[in-house]
Amino acid sequence: MSSIGNKLLNSLRSVERPGDFCVGGIREIFMPTIDVQGVGRISFPILPVQAERLVAIAEAAPYGRGEQTVVDREVRRTWQVNSAKVRFGGRHWDKTLAGLVADIALALGVDEPVTADFYKFLVYDAGSFFVDHRDTEKAPGMFATMVLVLPSTHSGGELVIKHLDREVVLDPRPEEPSEIGFAAFYADCVHEVRPVTKGCRLALIYNLRFIGKGRALKAPDYRTEHERVVELLRSWASAEDEADKLIVPLEHAYTPAELSFSALKGADAGAASVLVKAAAEADCDLHLALVSIEESGSAEHTGYYGRGRWSRDEEDEEFEVDEVLDRALILSEWRRPDGGEAGLGDFPFTEDELCPPDAFEDLMPDEQHFHEATGNEGASFERSYRRAGFVLWPTARKLAVLNQAGLRTTLPYLENLTVRWEMSKAPVQSPLWHEADELSQHMLRSWPRSP
975 MSSIGNKLLN SLRSVERPGD FCVGGIREIF MPTIDVQGVG RISFPILPVQ AERLVAIAEA
1035 APYGRGEQTV VDREVRRTWQ VNSAKVRFGG RHWDKTLAGL VADIALALGV DEPVTADFYK
1095 FLVYDAGSFF VDHRDTEKAP GMFATMVLVL PSTHSGGELV IKHLDREVVL DPRPEEPSEI
1155 GFAAFYADCV HEVRPVTKGC RLALIYNLRF IGKGRALKAP DYRTEHERVV ELLRSWASAE
1215 DEADKLIVPL EHAYTPAELS FSALKGADAG AASVLVKAAA EADCDLHLAL VSIEESGSAE
1275 HTGYYGRGRW SRDEEDEEFE VDEVLDRALI LSEWRRPDGG EAGLGDFPFT EDELCPPDAF
1335 EDLMPDEQHF HEATGNEGAS FERSYRRAGF VLWPTARKLA VLNQAGLRTT LPYLENLTVR
1395 WEMSKAPVQS PLWHEADELS QHMLRSWPRS P
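Heads up: the sequence shown begins at 975 in the working numbering, then just goes up one per residue.
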């Protein structure tokens, strides 16, 4: 493994504890039934007439100022419905809520049992907002606030969460009746709700607390690790004998459907909170990707099923690998930190780019198949290993990395650069021309040669 890769891995492993100071997203769930006294059962997405009725029975939401609780519409313009007027139902709701709370706790770096206490129902109509503030501890053992945003058609109302020198903007805005938006953050974090510009935003507020004996828990502080990683990444662009890209496999398993920076759990979320900001400061590109190794070759059957009977079920087949004849190492399913499209296809990688290089050695295959000998062909096998991982490279080495994907990627990219340069009518030696020229040189060095 490269020197930079080794130092990067050690820095990420030194994160004081897994998890990040906030988490958010949208999840498809079994929605609860919600009945509000004086309004009736809420529809999803909420009907305009119901939104008007909710505002009519609600009261202006106060906020804490020191030891006082005051109402000031210049600081907080929000309506709240007393929790005693709200009743939840639905056969699956308790189980669904418990599962969501467990996932959120893990993403915040908490591996102890926690529970969610419903606190209030907030209604943000057009013009509603809440300026910067911190939540106060509502009960012993409370360490975080959870916000569930119900399906509605609205604009604005983004949640901005600040901790130390970081700021995260979450917009968990579901519009499908089967989806719910969620956000959670440590209680010591400063946060605000931006003005709702259109429609009505409905939010259920919960206090997250430890079950049993409470303990003080503040948002994680990764400043030391952040500074170390920034310095390391800045030295990478000019370092010699270093890989053009590095891959750090994640600890948890993720399917392509759930692979995103916002859905990372535990230690993965902690590492991401350091890497995202450090990569931006150090002028490095950072992505999430699916890391796959696919192997095939010759094999020999070694297993029996039951007492003296050969198995005909592929899941029960036992075999020994005779020889690996084909091995492909591929990066795919790229994700950007901002959730945007990465625009990258399948990429090859080498094991010396893995941090650590033996990251796949002790893994069980995700899939494997044994094929018995037929005709002139001997027995064979196929197997694949998959993990998700962070993939990063210095922006200065972007074109060298892009060239690794081959002509299917570089030729369209070069064509796009050329068209943009021609349309801009920029002179030779313009930035676009330089970029096209550099990419061309990488392509020519790796161009397939005839014998």
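In this text, a Cβ means the ideal position worked out from N, Cα and C, and glycines have one as well.
Item, Value
"Other residues of its chain near residue 1118: CB distance less than 7 Å, five sequence neighbours each side excluded", "1082, 1158, 1159, 1160, 1161 and 1182"
"N-terminal and C-terminal residue of the alpha helix (DSSP H) that residue 1242 is part of", "1240-1255"
"Assigned exposure category for residue 1229 - 16 Cβ within 10 Å defines buried", "exposed"
"Given residue 1415 as reference, the closest of 1227, 1376 and 1168 once Cα atoms are compared", "1376"
"Cut-off 7 Å between Cβ atoms - residues of its own chain near residue 1383, not counting five sequence neighbours on either side", "1319 and 1376"
"Cβ contact (3+ pairs, closer than 8 Å) linking the stretch 1308-1316 and the stretch 1232-1249", "yes"
"Where residue 1421 falls, given that 16 or more other Cβ within 10 Å makes a residue buried", "exposed"
"For residue 1372: DSSP bridge partner residues", "DSSP lists no partner for residue 1372."
"Between the CA atoms of residue 1134 and residue 1141 - distance to the nearest angstrom", "7 Å"
"Whole-angstrom distance between residue 1110 and residue 1328, CA atom to CA atom", "44 Å"
"Residue burial classification, residue 1418 (beta-carbon count within 10 angstroms, cutoff 16)", "exposed"
"Three or more C-beta pairs below 8 Å linking the stretch 1202-1220 and the stretch 1164-1172", "no"
"Which listed residue (1380, 1333, 1346 and 1237) has its alpha carbon closest to that of residue 1000", "1237"
"Of the listed residues 1011, 1210, 1185 and 1301, nearest to residue 1084 (C-alpha basis)", "1185"
"Residue nearest to residue 1225 in terms of C-alpha spacing, selected from 1233, 1231 and 1242", "1242"
"Cβ-Cβ distance between residue 1011 and residue 1034 below 9 Å", "no"
"Cα-Cα separation, residue 1407 to residue 1388", "10 Å"
"Close Cβ partners of residue 1393 (< 8 Å) along its chain, the five nearest in sequence each way excluded", "none"
"Pick from 1123, 1018 and 1003 that is closest to residue 1065, judged by C-alpha positions", "1003"
"Cβ-Cβ separation, residue 1014 to residue 1156 (assumed contact under 8 Å), whole Å", "So it is not a contact: roughly 25 Å between Cβ atoms."
"Contact the stretch 980-993 vs the stretch 1329-1340: 3+ CB pairs below 8 Å", "yes"
"Collapsed DSSP secondary structure at residue 1387 in the structure displayed", "helix"
"Whole-Å CB distance - residue 995 paired with residue 1107, under 8 Å assumed", "Not really, about 16 Å apart at Cβ, beyond 8 Å."
"CB contact flag (residue 1362, residue 1262, <9 Å)", "yes"
"Proximity to residue 1442 [Cα-Cα], best of 1036, 1272, 1080 and 1405", "A query on residue 1442 cannot be resolved here, the shown segment of the chain reaching from 975 to 1425 and no further."
"Beta-carbon contacts of residue 1371 that lie in its chain and below 6 Å, excluding the five residues immediately before and after", "1218"
"Cβ neighbours of residue 1116 in the same chain (closer than 6 Å, five flanking residues each side left out)", "1181 and 1183"
"Distance, residue 1179 Cα to residue 1036 Cα", "14 Å"
"With 16 other Cβ atoms within 10 Å as the buried cut-off, status of residue 1024", "buried"
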